[in-house]
Amino acid sequence: MIPALVLTFLLTTLSAATPPPVFDTDGHPLYTGVQYHILPAGGGGGLTLACPFGVLQSDHPASLGLPVTFSPALGGGHGRSIDVQIATDLNIEFAAMTICEQSTVWKLGAFDHAAERWFVGTGGVKGSPGRSTARNWFKIVMVSDSQGKWGQGLFKIVFCPSICTGCHVLCKDVGIFVDGDTGNRRLALTDFGPLVVQFRKA
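Residue numbers (mature numbering (1 follows the signal peptide of the UniProt record, and there is no 0)): -17 to -1, 1 to 185.
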């Protein structure tokens, strides 16, 4: 029999090691298999897809964009829904019918030398965490204000995969890059000003 003191210690340790969940705009945890809209906290349209490979912010302020689903690298298995946790590796996938031929799983594209940016696109592989899929994994992290206080329900998306031991990867926030030629607001890695978002259940 495990002594009560030891059992309490084990439960406390396991609880402390479990990352907190990501919350939607209603204050409920995000769950796998449920569709959500990713909405910029500062206003503007939601996120959408432009074939063949671009993830964009809609130029229509009232648009919610396309819904997405989240699939953690360490899933529940057997179709069991689990909550989406802070700072854990996730696949993000547009959950909508499109005319795009490639998958709608988010993926970090190749470096664009003309724009000098790493753009977020689609065409990724869902699941199979490892070296060959490292570009397909993103994380959701809470954001804080200038005084270090955590915002209520405010998050940012980061690219910093930890599913591949020994891989050399970038660790940067996902922000918005405005294309000077087209005016498109493309998701790209940034060192300055992440895109702060909220999640609304679709």
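In this text, a Cβ means the ideal position worked out from N, Cα and C, and glycines have one as well.
For the beta strand (DSSP E) holding residue i, just list the boundary residues, first then last.
{"i": "F77", "result": "73 to 77"}
{"i": "M125", "result": "122 to 127"}
{"i": "D95", "result": "90 to 95"}
Going by Cα to Cα distance, which pick from the options is closest to residue i?
{"i": "I159", "options": "G136, C143, G104", "result": "G104"}
{"i": "T1", "options": "P50, V38, D66, F121", "result": "D66"}
{"i": "G48", "options": "A78, F175, A70, A56", "result": "A78"}
{"i": "P35", "options": "D174, T81, G27", "result": "T81"}
{"i": "R118", "options": "G163, W101, S127, N167", "result": "W101"}
{"i": "A93", "options": "G37, Y19, D164, I21", "result": "G37"}
{"i": "N74", "options": "A33, H96, T116", "result": "T116"}
{"i": "A171", "options": "L13, H11, L30", "result": "L30"}
{"i": "E99", "options": "G28, G10, K90, V161", "result": "V161"}
{"i": "G166", "options": "D174, H20, S41", "result": "S41"}
In terms of DSSP beta bridges, what is residue i paired with?
{"i": "T173", "result": "D156"}
{"i": "I140", "result": "I123"}
{"i": "G66", "result": "The question names Gly, but residue 66 is Asp in the sequence shown. BP columns for D66 point to Y14."}
{"i": "F182", "result": "I21"}
{"i": "L39", "result": "T31, R169"}
{"i": "V108", "result": "Partner(s): none; V108 has no beta bridge."}
{"i": "R100", "result": "D95"}
Considering only the beta carbon of each residue, do residue i and residue j sit closer than 9 Å?
{"i": "T15", "j": "S54", "result": "yes"}
{"i": "P112", "j": "Q68", "result": "no"}
{"i": "G106", "j": "Q85", "result": "yes"}
{"i": "V157", "j": "L137", "result": "no"}
{"i": "L39", "j": "R168", "result": "yes"}
{"i": "V152", "j": "K122", "result": "no"}
{"i": "V17", "j": "K184", "result": "yes"}
{"i": "L22", "j": "V180", "result": "yes"}
Measure from the C-beta of residue i to each C-beta in chain D and report whether the shortest distance is under 9 Å.
{"i": "I75", "result": "Within the model displayed, chain D is absent; a lone protein chain is all it includes."}
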